[in-house]
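Visitor: Numbering (our numbering), first residue to last: 85 to 288. For every residue, glycine included, the Cβ atom is placed at its ideal position computed from N, Cα and C. Just so it is clear, the structure is predicted and the values come from calculations on it, not from any experiment. This is the structure I have questions about; it appears just below.
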Ligand SMILES: Nc1ncnc2c1ncn2[C@@H]1O[C@H](COP(=O)(O)OP(=O)(O)OP(=O)(O)O)[C@@H](O)[C@H]1O
Ligand SMILES: [Mg+2]
């Protein structure tokens, strides 16, 4: 594929939710493309469908009450044709979503270090020890204070004063293995520039 081809291409994406006996549109015929190393900001009022768009692309909408129309292509591959297993391979590897709310995005019973290492093991073939070393290197690179200690923490160990730090950690956790590939970090639009700047530093 040539360098000018879009990495992510969305054509006539519509998302409907079923409620009170009818299908209601949350996203209607949305189209956009994102090229290599391009950043696209989707802006809109609350409830306009930004998160739903990202969730639809990631294949994370509840299947029981939602319906998606349109075509989502990643590097030319039609994602709607992928099986659940195929989508799991793509998520957190070629495509990642950085969720808006860090307190509900990380698993509360697992350490932060385990969760960062997990993606490196699953998608990048790291061994456990190497993944832990890499997790430490990444947190230090984005200047998370006391990174070695933070890796051993669970979200319950974090106090309110660590909240912004947790946003950065969450972004690292969800986005790191992805490297230069698309990252649906739109959720960061709500979180101020601090988080976004930190995420940029993770870029290889
Ligand atoms: N699981 C769901 N079931 C039914 N309706 C939903 C579901 N998820 C989202 N919606 C509806 O879809 C619409 C778009 O919501 P979405 O969360 O995408 O908005 P948003 O643009 O991200 O808003 P915000 O700026 O507040 O984050 C809203 O009307 C919302 O109520
Ligand atoms: Mg949203």
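1) Let's see if you can read the secondary structure: which residues bound the beta strand (DSSP E) around residue 111?
2) For residue 150, is the beta carbon positioned less than 7 Å from some heavy atom of ligand 2?
3) Within 8 Å, do at least three Cβ pairs link the segment 123-130 to the segment 183-192?
4) Which of helix, strand or coil does DSSP assign to residue 147?
5) How about residue 155 and residue 99: are their beta carbons less than 8 Å apart?
6) Could you tell me the alpha carbon to alpha carbon distance between residue 91 and residue 158, rounded to whole angstroms?
7) If contacts are defined as beta-carbon pairs under 8 Å, then residue 214 and residue 176 qualify, I think. What distance do you get, rounded to the angstrom?
8) Between the Cα of residue 116 and the Cα atoms of 101, 93 and 102, which residue gives the shortest distance?
9) Using 8 Å as the Cβ pair cut-off and three pairs as the minimum, do the segment 136-153 and the segment 105-113 touch?
10) Taking the DSSP output, what are the residues bridged to residue 103?
11) My parser needs the alpha helix (DSSP H) runs of 4 or more residues fully inside the segment 217-256; what are they?
Guide: Short version:
1) Mapped onto the chain shown, residue 111 falls at position 27. First-last of the beta strand (DSSP E) with residue 111: 106-118.
2) As a working mapping, residue 150 is identified with position 66 in the chain shown. Outside the cutoff, so no.
3) no
4) Numbered from 1 along the chain shown, position 63 holds the residue referred to as residue 147. Residue 147 falls in the coil class under three-state DSSP.
5) Taking the chain shown and counting its residues from 1, the one referred to as residue 155 is at position 71. Taking the chain shown and counting its residues from 1, the one referred to as residue 99 is at position 15. It is not a contact, given that the beta carbons lie outside the stated cut-off.
6) On the chain shown, position 7 is the one that residue 91 refers to. On the chain shown, position 74 is the one that residue 158 refers to. Between residue 91 and residue 158, the C-alpha separation is close to 6 Å.
7) In the chain shown, residue 214 corresponds to position 130, counting from 1. In the chain shown, residue 176 corresponds to position 92, counting from 1. With a Cβ gap of about 18 Å, residue 214 and residue 176 do not count as contacting.
8) For the purposes of this step, residue 116 is taken as residue 32 along the chain shown, with counting starting at 1. Comparing alpha carbon positions, the residue from 101, 93 and 102 closest to residue 116 is 93.
9) These segments touch.
10) For the purposes of this step, residue 103 is taken as the residue at position 19 of the chain shown. DSSP lists 106 as partners of residue 103.
11) The alpha helix (DSSP H) runs of length 4 or more contained entirely in the segment 217-256 are, from start to end of the chain, 231-234.
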